[in-house]
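Trainee: Protein chains in written order, with our numbering: chain A, -18 to 421; chain B, -4 to 249; chain C, 836 to 1033.
Just so you know, even glycine gets a beta-carbon here, dropped at the ideal spot from N, CA and C.
All values reported here derive from a predicted model rather than from experimental measurement.
Dropping the structure in here first, questions after.
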Amino acid sequence: MSDAPRFKNPVVRWVDHRLPIFSFLHHQQVYPAPRNLNYWWNFGSLAGIMLVVMIVTGIVLAMHYTPHATMAFDSVERIMRDVNYGWLLRYLHMNGASMFFIVVYIHVFRGLYYGSYKAPRELLWIIGIIILLLMMATAFMGYVLPWGQMSYWGAKVITSFFTAIPLVGQSITEWLWGGFNVDNATLNRFFSLHYLLPFVIVAVVFLHLWALHHHKSNNPLGIDIKGSQDTIPFHPYYTVKDNFGIGVFLLVYAAFVFFGPNFFGEPENYIRANPLVTPPHIVPEWYFLPYYAILRAVDDNFIGSWILFGYTLIDAKLAGVIAMFASILILCFLPWLDRSPVRSARFRPAYRWFFWILLLDAFILGWVGANAPDGVWNGIPFLWIGRIATLYYFLHFIIIMPLLSVFERPDPLPHSISQPVLKGGGFAPARVHAKPMEKA
Amino acid sequence: MMRKIGLLGAVVVLLAMGGNAVAAEGELPRQEWSFNSIFGTYDEAALQRGFLVYKDVCSACHSMNLLSYRHLSGTGLSEDQIKAVAASVQVPDGPNDEGEMFERAGLQSDRFKAPFPNEQAARAANNGAYPPDLSLMAKARPGGPDYIYAILTGYEEPPAGFQLNEGMSYNEYFAVSANQIAMPPPLSDGAVTYADGTEATVPQMARDVAAFLAWAAEPNLNERHQIGVGVMLFLIVLTACLYAVYRKVWADVH
Amino acid sequence: MMAHSAHGEATASSGHDAGETRRDFLMLGTGAIGAFGVAAVAWPFIDQMNPAADVLALSTTEVDISKIEVGQSITVIWRGSPVFVRRRTPEEIKAAEEVNLNELKDPQPDSERVKPGKAEWLILVGVCTHLGCIPQGQRSGENRGEYGGWLCSCHGSQYDTSGRIRKGPAPLNLAVPPYSFTSDTVVFIGAGQEASKA
């Protein structure tokens, strides 16, 4: 790096000449970021913090946890009762998972609102979806480890989905289980993978940050950085802002850990796993509820009439599983479904409405997922609420986004980040500009 | 602003739904507990009374496998008292040098003695019903100690026309099994004699044993609340400082 | 772990005027508070590796010595290690007391290694002080070495009837654990300084 600063310290210089770690760190400090980022941009660093917290608490918990079906539950209770500060470490890890998902979901919705998934950040977005999928796999397996009733039955329900795969489904499922049912073999391998995946996430996060640094951050206006007048160095400006955000976030996290540690959890999981007794309601953790609703929205009555090629190729279970995974994978196609040249919803009044409706739809799906599938709300069966919400979800991406790209009249865009208001007031409609998508 | 309100509304709706899910038992009456609030702690006198109720009434059928006698120091009992409690039971041990299992007086390090050696023996002695382990009962049911208190005081004559199965009792709050519970009313007035002279009525014993079970499920609550208050105060101060630093650093940007 | 990062103090500005000084103070103060927070958070992560309550509860043991005959040894487990409890014969006691301390690699009179009035009872941690093997000599028929105590077959260390090292590579005498006689027939091993619950 020809513009690398000269370090005063000779030891630092010696090291940096051979392994430019100090130059790398310096680059992170002076790395230009848009000057107008708002607090919705704090959630990326919060997600990074939570990844570290989960790994550190997980490693110390693993010093005391026993991944055997006869001992797992008791080893967790030993952590809670006998290990020094074990209760604190367990509650940090347990509530940390919920905080991690809260932070990441907000981070994703920030991306949806401000068009952070649009060119040239499509790959950054897709890498993020991969991180989300890895997080979901990690969280699912982690929840099995205490071997409570919900651990066991949640594992049973979700792994049983693989039986829906035509022809090879049962074999694949038995391969996953390591047997003919969820049992000790399953628990052991879930522990191994649960320990492994977070480090895979770390590697993918590295790619995520590398992709981010290449084109720099998006910003609330959604327009490109034009020059150094639009940016400020990451340090000290965004380091201190991130620190403040971390402080606020820790207040929320600590409130749950110390005063409501079981708020996000299910009482049923404080009962030892019993393969012979099914809990009255099997529910996953809250962060899986919307997908659970989508999964259950498809049932025999709904899909049974679909006959392909003279026989039923896809049964309801498989269709539900496909719909569930599709609901996440469709996000990967968003940069191509939404072709509006305007990034930020701030200048897309029509899209803004649909964004909020999508958010509401996500909450409705979560609410449906939390309730029993045969329940009713004010006379309306949850099954139908779930179906409508699921249909609307896919409608948003497949129909509404492409249509908006064509028919929406966006607001005029500002001239630049540093000069958001052009003198004289009148400026050309955004579509004529077509410039916001240009490479920085 | 609109966005913020919309978001807040969505969150409130979600929390309200979550709240509904917890109170799914319907009319579960809420009790006042010394440990419920942010600054709450366990009432040691109630814990000791509750332990007596467990020991003299409940332990005949219900195990508490996750507790050892030494844990009772959390109820305020002295080490000598705990040693005496442990020594008053015979626990299985062995094998000895002859290869035989034997019984010996309990030590503080022993787990609470279980009434039955295994689930099958427990079922055989209770008409096929299995008295569940109570170590985590206060966390394993929605409503926790409120639920325990409600069950213990909720035994009533079944309403007219109610079909009560053989060997079952009617309990107003045992909704999970349509109000039929296999456990007969375990408490009756004066079933135990409290050392501190408190009158042992059914509601009093129910309250004390519910508090004891809450402690048994969550023995570290006192410490957790105490550290929590310290952490929140610390974080408020730190966050205020971080905010001040943020404003100072950004002062020249705007 | 909650990373209260102490970035507050890392500013490049020099503190000339009063405003700058106030800013530095703010940075330093925040940094100090943050650093304290980091230390406070680090402690539980370090302490969780210390022995847990159930391990501490098993850190003492009571031994019934009523059935041990003169000249007999038994081995009990204490904190995961073997403990030799030997009821010495009068000859063994005499031999131990008459040893010239100058001959010893780790000089210690026999009286310091037993309880007053209970010289019959020798209680030692049965772990060789060389590299940790368990010396032989507990069972009848085992080789007790030249000094009538214990012989470690790993590298040839030999201990006498007071458990003191006499020959071989071990540097120290066999350790005497903290113990006390709660009665004439019961020995309580373990000091009781931690949570002794057994």
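Is the shortest distance between the beta-carbon of PHE229/B and the beta-carbons of chain C less than 8 Å?
Mentor: yes
Trainee: For a contact defined as C-beta to C-beta under 8 Å, what are the partners of ASN23/A on chain B?
Mentor: In chain order: nothing, as chain B lies at least about 11 Å away.
Trainee: Could you check the C-alpha separation between ALA209/B and GLY71/B for me, to the nearest Å?
Mentor: For ALA209/B and GLY71/B, the gap between their C-alpha atoms comes out near 15 Å.
Trainee: Going by DSSP in three states, ARG329/A sits in which element: helix, strand or coil?
Mentor: coil
Trainee: Given a cut-off of 8 Å, decide if TYR142/B and LEU62/B are closer than it, judged by their beta-carbon atoms.
Mentor: no
Trainee: What runs of the beta strand (DSSP E), each 3 residues or longer, lie entirely inside the segment 919 to 995 of chain C?
Mentor: 956 to 960, 983 to 986, 993 to 995
Trainee: Are the Cβ atoms of ILE60/A and TYR46/A separated by less than 8 Å?
Mentor: Yes; because the gap between Cβ atoms is below 8 Å, this pair is in contact.
Trainee: Taking Cβ positions, are SER325/A and GLY203/A nearer each other than 8 Å?
Mentor: Against a cut-off of 8 Å, the Cβ pair of GLY203/A and SER325/A comes out as a contact.
Trainee: Tell me whether SER79/A is buried or exposed, calling it buried when 16 or more other Cβ atoms sit within 10 Å of its Cβ.
Mentor: It counts as buried.
Trainee: Spell out whether any CB of chain B is found under 8 Å from the CB atom of GLY864/C.
Mentor: Yes, its Cβ sits closer than 8 Å to a Cβ of chain B.
Trainee: If the criterion is Cβ atoms closer than 8 Å, does the pair THR996/C and TYR982/C meet it?
Mentor: For THR996/C and TYR982/C, yes; Cβs fall inside 8 Å.
Trainee: Between which two residues does the alpha helix (DSSP H) holding LYS134/B run?
Mentor: 132 to 135
Trainee: Is ALA135/B closer than 8 Å to TYR251/A when the C-beta atoms are compared?
Mentor: yes
Trainee: Taking the Cβ atom as the reference point for each residue, do ALA304/A and THR259/A lie within a distance shorter than 8 Å?
Mentor: no
Trainee: Please list, in chain order, the residues of the segment 43 to 70 of chain B that have any C-beta partner in chain A closer than 9 Å.
Mentor: ASN60, LEU61, LEU62, SER63, HIS66
Trainee: What does a CB cutoff of less than 6 Å around ARG921/C pick up in its chain, not counting 5 residues either side in sequence?
Mentor: SER908, LEU957
Trainee: Among ASN91/B, ARG202/B, PHE157/B, THR188/B, whose alpha-carbon lies nearest the alpha-carbon of GLN175/B?
Mentor: PHE157/B
Trainee: Measure from the C-beta of ALA838/C to each C-beta in chain A and report whether the shortest distance is under 8 Å.
Mentor: In this prediction, ALA838/C scores a pLDDT of 46, lower than 50, which makes its location untrustworthy; no coordinate-derived value is stated.
Trainee: Helix, strand or coil, according to DSSP, for ILE146/A in the structure here?
Mentor: If DSSP states are grouped into helix, strand and coil, ILE146/A belongs with coil.
Trainee: Is it right to say ASP184/B is buried, meaning 16 or more other beta carbons lie within 10 angstroms of its own, or is it exposed?
Mentor: exposed
Trainee: Under DSSP, the beta strand (DSSP E) around PHE111/B begins and ends at which residues?
Mentor: Taken as a continuous stretch (DSSP letters only), PHE111/B belongs to no beta strand (DSSP E), as it is neither H nor E.
Trainee: So within the segment 301 to 356 of chain A, which uninterrupted alpha helix (DSSP H) runs reach at least 4 residues, ignoring any that extend past its ends?
Mentor: 315 to 318, 330 to 351
Trainee: Residues in the segment 98 to 114 of chain B with C-beta within 7 Å of chain C's C-beta atoms, listed in sequence order?
Mentor: LEU102, GLN103, SER104
Trainee: Taking the straight line between their C-alpha atoms, what separation do you get for SER56/A and VAL(-8)/A?
Mentor: 47 Å
Trainee: Over the uninterrupted beta strand (DSSP E) stretch that includes PHE34/B, give me the two end residues.
Mentor: Taken as a continuous stretch (DSSP letters only), PHE34/B belongs to no beta strand (DSSP E), as it is neither H nor E.
Trainee: Taking C-alpha atoms, which residue in ALA133/B, PRO112/B, PRO137/B lies nearest to TYR125/B?
Mentor: Measuring from the Cα of TYR125/B, the nearest candidate turns out to be PRO112/B.
Trainee: Give the residues of chain C in contact with VAL64/A, contact being defined as C-beta atoms less than 7 Å apart.
Mentor: Per Cβ cutoff of 7 Å: GLN883, ALA887.
Trainee: Where does LEU228/B land, buried or exposed, given buried means 16+ other C-beta within 10 angstroms?
Mentor: exposed
Trainee: From the DSSP output, read off the bridge partner residues of VAL898/C.
Mentor: VAL1022/C
Trainee: Here's the rule I'm using: 16 or more other beta-carbon atoms within 10 Å means buried, otherwise exposed. How should GLU213/B be labelled?
Mentor: buried
Trainee: Under 8 Å, do ILE1000/C and VAL898/C count as touching if we go by C-beta distance?
Mentor: It is not a contact, given that the beta carbons lie outside the stated cut-off.
Trainee: Can you give, in chain order, each stretch of the beta strand (DSSP E) that sits fully within the segment 93 to 131 of chain A and has at least 3 residues?
Mentor: none
Trainee: Using a Cβ-Cβ cut-off of less than 7 Å, give me the residues of the segment 68 to 87 of chain B that come near chain A, in sequence order.
Mentor: none
Trainee: Under 8 Å between beta-carbons, which chain C residues line up against ALA40/B? List them in chain order, please.
Mentor: Going along chain C, no residue has its Cβ under 8 Å from ALA40/B, so there is no contact; the nearest lies around 24 Å.
Trainee: Indicate the three-state DSSP secondary structure (helix, strand or coil) for ASP88/B in the structure shown.
Mentor: In the structure shown, the three-state DSSP call for ASP88/B is strand.
Trainee: Which same chain residues end up closer than 6 Å to LEU27/A when comparing Cβ atoms and leaving out the 5 residues on each side of it in sequence?
Mentor: Counting only residues of its own chain and dropping the five nearest sequence neighbours on each side, LEU27/A has a CB closer than 6 Å to the CB of VAL84, PHE230.
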